Each structure stands twice: as structure tokens, then as C-alpha cells.
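**Student:** Mapping the sequence shown onto numbering that gives the first Met the number 0, position 110 (from 1) lands on 109, and the numbers just tick up by one.
Beta carbons: idealized from backbone N, C-alpha and C, even for Gly.
All values reported here derive from a predicted model rather than from experimental measurement.
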Amino acid sequence: MTDIVRKDSNQRLSRIVIHGDTVYLAGMTSSAQGGIVAQTRDVLAKIDDCLAQAGTDKARLLSVQIWLKDIERDFAGMNQVWAEWAPADALPTRATCEAKLASPDLLVEIIVTAARR
């Protein structure tokens, strides 16, 4: 399977999978303490790093899924950070949903698909 590249793998998942000119990132969660703004900034920084490892960047986003612990409470704060980060001339398709996340401290998880340069 040399046509599929897997990076940052462990016993459960690969954080980055590259197939042809498409990059798939696993769900990214925050390592930061704090509210939705701090956690969203942390997650987006991780996404920037993973995209760079895969040879691309946020201007090449295709699709994004955003999972919030509490959509009513956190949607506006997440969108504020998203608007600062996402390139206005290269916005991906996007879905935002409420979900029970893996840890009670997690407020946001983001899944990304991007094109390579």
C-alpha cells in the first residue's frame, strides 16, 4: 500500500493519512485548559502543524467537521476564532454539530480534509 502514507500513528489511529493529493486529519482536540476560545485556538494550531507535515496548508481545506460539547454555549466563541483563522477566499465546506466528546474537559473536536499543494 505505498499509495497511502500514514503519519503520527499509534495503536488506535493515524493522525494524518495522505492518499494521492488528498490529506485526511483525524479529529483534533485541545491540550489547552480554558474555554472554547482557548481550546479552538489550540486545535487550529495543531491542524496548521499537521497540514504542514502533510505538505499543505489551510488555504487548501476541502471539508471540515466541527464537534462542540455544547453548541448553544460555544458556537459563537468557536466561530469568532474560526473567522480569524480560516482564509476568507478559501473557505471549505463545513458542518458543526453537538456531540458528547471523549473527555468532559474537551469542548471542541475538528476533523479536516484538505488537498495537497
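1. Would you check if the stretch 95-115 and the stretch 0-15 touch, i.e. whether three or more CB-CB distances between them fall below 8 Å?
2. For A87, which residues in the same chain have their Cβ closer than 6 Å to its Cβ, ignoring the five residues on either side in sequence?
3. Return the residue from the list G19, F74, A114 and A75 that minimises the CA-CA distance to L90.
4. Taking Cβ positions, are L50 and V22 nearer each other than 8 Å?
5. Going by beta carbon distance, what residues of the same chain come within less than 6 Å of I109, once the five residues before and after it are set aside?
**Tutor:** By the coordinates alone:
1. no
2. By 1-based counting over the sequence shown, the position of residue 87 is 88. Excluding positions up to five away in sequence, the list is empty.
3. In the sequence shown, counting from the first residue as 1, residue 90 sits at position 91. When only C-alpha atoms are compared, the closest one is A114.
4. Here residue 50 refers to the residue found at position 51 when the sequence shown is read from its first residue. Here residue 22 refers to the residue found at position 23 when the sequence shown is read from its first residue. Cβ atoms of L50 and V22: closer than 8 Å.
5. Taking the first residue of the sequence shown as position 1, residue 109 is located at position 110. Within the same chain, I109 has close Cβ partners M27, V42 and I65.
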